[in-house]
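Participant: For the sequence shown, position 150 matches number 271 in the numbering used here, and the numbering has no gaps at all.
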Amino acid sequence: FDSANRYRGEFDQISPINDQISGEMSNSEFAISVSPAGGGATEDTADVYAGLIRNIENISDASALYSQLGDSVVMAGLDGFEIVQKHIDANTFDQDLMFEPIADFYKSVWFDLGAIKQNKSDAKWGIKLKELPASTYDKKFPDGSGISIGDNLNDNTNSQHTKYDSVTVGQLYYKKAVTIPLVKMTSGAVYENDEKFKKIQDELAEAGELIVDERERESWRVHSRLLDGGGWLKDSEKTVFSYIPLIPVYGNYSKFDTKDIYFGKTLKLMDAQRGINFAVSGDTEDVAMSPTDAVWMTRKQGQGEDYSRMNIDRKAVRFYEADDEAPSLPFKMPRSAGNPAMQTAMANFQSLLRVTGNMDDPSMGQNPGLQSGAAIDSLIGQSNNGNVKWFKAMEIAICHAYRVCVDAIPRVYDATRQQRILGEDGTDKIVDLNTTVFDEQTQTNVSVNDLTKGVYDVSCSMGAAFQNQQEKESDRLINMLSIDPQMVEISRDVLYKNQVGQGMKVVADRARKQGIQSGLIGADEWTPEEQEEQQLLAQQQANQPPQEDPNMVLARAEEGKAQADQMNAQTKQQQAQFDAQVKSAEVQLAQDKIALEREQLQLEVAMFERTGQDKFNVEAAKIDQGQQKLDQTNQQMQIDATFKQQAAAQQEINDAINNLKVLREAMGVDAIVGPTNTQAYKDQADIVLDEQKEQ
């Protein structure tokens, strides 16, 4: 309520418009592109630069920072951040670049008046104010004056004799001109001729890299120094930057009479907002102060009836007393419906707000006219055209931040180290920076990811977030596949890659491997990892003997099987012949035994006949009989020796036959027999035949 006790409300119609624009910014991403510009720069190293900057954004939580910047710029027209060099972990020795927000940027950061570019890349100096608690100030600067620096809105300072709770100090960044000597090498690579180059100059010379040209260029190096309202607090320090590392984001920027002119979306909408506040407040007051609905009648008409509960009484019939002075019936007077003029004014101000804010109904999620989807998209596109300048303001600032990083990265990431980089899709990998590897082909050391040589350009653009891009590309590709189904064969890996969900990356990788194996994905599309994998696979295939014609293998198998069957039949025949020989020897032995027994019987008969003869004849007969026994024993020994010799020969033949069978089973003669297997089988068969021939 105002001083006259009249209702005055505030009905915020601006925040939804601002939120719509800043929300669209939050759903967008900045795509960075780093390209080689000469001096030995390479595409691979350019990709490393881009991956490093994405990692800087990741460790800085840049998505939240950009969202905050978008809100502030749309609302007030100005915000910004700072690029710093620091340890991201207390236990690491390596430093990184990071983006850090600046509180109250609009009153904490000044630039020199001569800087005319919107991103202040041409500024010679810039200062950032920071308020420190008194205890922190006294601990860091015990000899400090304790006097604060006034900000650029009000000159509030602490005197030397006043007890202070906090002190505002300033960090001054200023450029100093430097002369940088440059050298051009045999390969075209360009280096700064500094101490670091001198350390590797001998190694470069051994690799054939010699200096072919030299020159100097003028550049800048930013220095930093702290001060308060009483003077300097620390000595000057050299930084890694060539640009002032304070990044402003201006909305609707222009320069007039050395002054920076900027404003946000809110400024131009305030008049319409005030009109809405006035109209809605007045209309609300009219409705609130107007009487409620009432029934009007004369006193006589109301005599004898109780109408106090009329609003809640459900009686269908009402009685009243007729009044000759008021022949008309009692009537109901409705309450005031509001001031039509106020309602007209309110509608006008709301229309002005939408026009001034360049936000029609579809842009705000409304469709009162029930337009088609194409018509709504067209209206939203027209509204977006009017809001492009806010996106452009963010793009100008963040692209400048990328350039500051590309310039400073060689001086921050200057040592040999392992560093994480991020790809466009958010996947990360670890790379080695500023290293050398021995090339087997050239027999020389080759530098890998050398950030100290070459010149690189950087550009960026603001567009839909990567996931939203994936979804749109997937929908577009699916629509094209419905027209040309054959496209699925040449785009299967791309289609799977653009699908969001668990496991889709694995599916996309498998589809890509199939495309490489089938030749659908050419060598010019392979990644370095895929090229290395394919080279290794080609070497393995080259070391393997070529596969034989299956028909030849089958023919040799049939031939070997036939030979094996023939040899098996011969072996069985030889076995039968040997068995017959053994049987014949056994029969001959039995006949010899019978003959020996017959001779023994004849000898006994002769001895009986000579019983009457003289002793000499008897002794002679005994001698003859003994000689016959000796002959018989000798013959028996010969027969036993023959049996043993034949048994040993038979065992050798059996062993050879068994070996032949083992070879046949091991080689799988009935399936496939190669030339080596067939030769081994033939050699064993020859051994069997030789054994039998000797017997």
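The C-beta atom is built at its ideal place from N, Cα and C for all residues, glycine as well.
#1: Label I268 either buried or exposed according to how many other C-beta atoms from any shown protein chain fall within 10 Å of its C-beta, with 16 as the threshold for buried.
#2: Can A255 and S287 be called in contact, C-beta distance under 8 Å?
#3: Return the residue from the list V361, Y383, D528 and G161 that minimises the CA-CA distance to F295.
#4: Name the two residues that bound the continuous beta strand (DSSP E) containing D217.
#5: Based on Cα-Cα distance, which residue from W417, Q189 and R439 lies nearest to G425?
#6: Look at the alpha carbon of K376 and the alpha carbon of I382, and state the distance between them as a whole number of angstroms.
#7: Please list the terminal residues of the continuous alpha helix (DSSP H) segment that includes K205.
#8: Would you please state the rounded distance, in angstroms, between the beta carbons of I209 and W231? I believe it to be under 8 Å.
#9: Give me the Cβ distance between A244 and D233, rounded to the nearest whole Å; I'm assuming they're in contact under 8 Å.
#10: Taking only the alpha-carbon atoms, compute the straight-line gap between A529 and S363 and give it to the nearest angstrom.
#11: Do L199 and V370 count as a contact pair if the criterion is CB distance below 8 Å?
#12: Using only alpha-carbon positions, find the residue among D215, E145 and T556 that is nearest to S188.
#13: Helix, strand or coil: how does DSSP classify I365 here?
#14: Determine the contact status of Q540 and V525, defining contact as a CB-CB distance below 8 Å.
#15: Name the one or two DSSP bridge partners that S340 has.
#16: Look up R538 in the DSSP assignment and say whether it is helix, strand or coil.
#17: Would the beta-carbon of D349 fall within 8 Å of that of G235?
#18: Please look up how many angstroms separate the CB atoms of Y128 and Q239, rounded, as I've assumed it's under 8 Å.
#19: Any beta-carbon of chain B closer than 8 Å to the one on N570?
#20: Apart from the five residues just before and just after K421, which ones in its own chain have a Cβ nearer than 7 Å to its Cβ?
#21: So for I604, helix, strand or coil by DSSP?
#22: In angstroms, rounded to a whole number, what distance separates the CA positions of L84 and V509?
#23: In terms of DSSP beta bridges, what is Y371 paired with?
#24: If you drop the 5 nearest sequence neighbours on each side, which residues of the same chain put their C-beta closer than 6 Å to that of Q652?
#25: Do you know how far the Cα of V627 is from the Cα of S345?
#26: Just how far apart, CA to CA, sit G161 and S580?
#27: Give the straight-line distance between the Cα atoms of A685 and Q694, rounded to the nearest whole angstrom.
#28: Under a Cβ-count criterion, where at least 16 other Cβ atoms within 10 Å of its own Cβ denotes burial, should P531 be classed as buried or exposed?
#29: Within the same chain, show all residues whose beta-carbon is closer than 8 Å to that of K544, passing over the 5 residues directly before and after it, in chain order.
#30: Starting from the C-beta of I270, find all residues in its chain whose C-beta is less than 8 Å away, skip the five residues before and the five after it, and write them out in chain order.
#31: Check the DSSP bridge columns for G247 and list the partner residues they point to.
#32: With DSSP as the reference, please indicate the residues paired to T289 in a beta bridge.
#33: Over what stretch of residues does the alpha helix (DSSP H) that includes E313 continue unbroken?
#34: I'd like the list of long-range same chain contacts for R633, defined as Cβ closer than 7 Å, with 5 residues on each side in sequence excluded.
#35: Assign G575 to buried or exposed, taking buried as 16 or more other Cβ atoms, counted over all protein chains shown, within 10 Å of its Cβ.
#36: What's the gap between the Cα of S242 and the Cα of A659?
Facilitator: The answer reads as follows:
#1: Of the other Cβ atoms in all chains shown, 16 or more fall within 10 Å of the Cβ of I268; this residue is therefore buried.
#2: Their beta carbons are under 8 Å apart, which means A255 touches S287 by this criterion.
#3: Here residue 295 turns out to be Tyr, not Phe, going by the sequence shown. Scanning V361, Y383, D528 and G161 for the CA closest to the CA of Y295 turns up V361.
#4: Where D217 is concerned, the enclosing beta strand (DSSP E) stretches over D217 to P222.
#5: The candidate whose alpha carbon is nearest that of G425 is R439.
#6: Going by the C-alpha atoms only, they are around 6 Å apart.
#7: Looking at the sequence itself, residue 205 is Val, so the reference to Lys does not match. Careful: V205 lies outside any alpha helix (DSSP H), inside the beta strand (DSSP E) at L199 to K207.
#8: The beta carbons of I209 and W231 sit about 29 Å from each other, so the pair does not count as a contact at 8 Å.
#9: Indeed, because the Cβ distance is near 6 Å, the residues count as touching under 8 Å.
#10: If you draw a straight line from the Cα of A529 to the Cα of S363, it is about 7 Å long.
#11: Yes, the pair counts as a contact, with Cβ atoms nearer than the cut-off.
#12: Minimum Cα distance to S188 is reached at E145.
#13: DSSP places I365 in the coil class of the three-state scheme, outside both helix and strand.
#14: Taking 8 Å as the cut-off, the Cβ atoms of Q540 and V525 do not count as close.
#15: Bridge partners of S340: V299.
#16: Collapsing the DSSP output to three states places R538 in a strand.
#17: D349 places its beta carbon 8 Å or farther from that of G235.
#18: 44 Å between Cβ atoms; not a contact.
#19: No chain B is present in this structure, which holds just one protein chain.
#20: Taken in chain order, the residues that qualify are E442 and D444.
#21: Three-state DSSP puts I604 in a helix.
#22: With the chain covering 122 to 816 only, the question about residue 84 has no answer from this structure.
#23: L199, per the DSSP bridge assignment.
#24: Contacts found: none.
#25: Going from the Cα of S345 to the Cα of V627 covers about 49 Å.
#26: Cα to Cα, G161 sits roughly 20 Å from S580.
#27: Rounded to the nearest angstrom, the two C-alpha atoms are 14 Å apart.
#28: P531 comes out buried.
#29: First, the amino acid is wrong: residue 544 is Gly here, not Lys. Closer than 8 Å at Cβ, skipping near neighbours: G172, R175 and K550.
#30: Only L250, T278, T289, V290, G291, L348, D349 and G350 meet the Cβ criterion.
#31: F232 and Y294.
#32: Per DSSP, E252.
#33: From DSSP, E313 is part of no alpha helix (DSSP H) but of the beta strand (DSSP E) over V311 to E313.
#34: Residues of the same chain with a CB within less than 7 Å of the CB of R633, apart from the 5 flanking positions on each side, are D614 and I642 in chain order.
#35: The residue is buried, with at least 16 neighbouring Cβ atoms inside 10 Å.
#36: Straight through space, the alpha carbons of A659 and S242 are spaced by roughly 52 Å.
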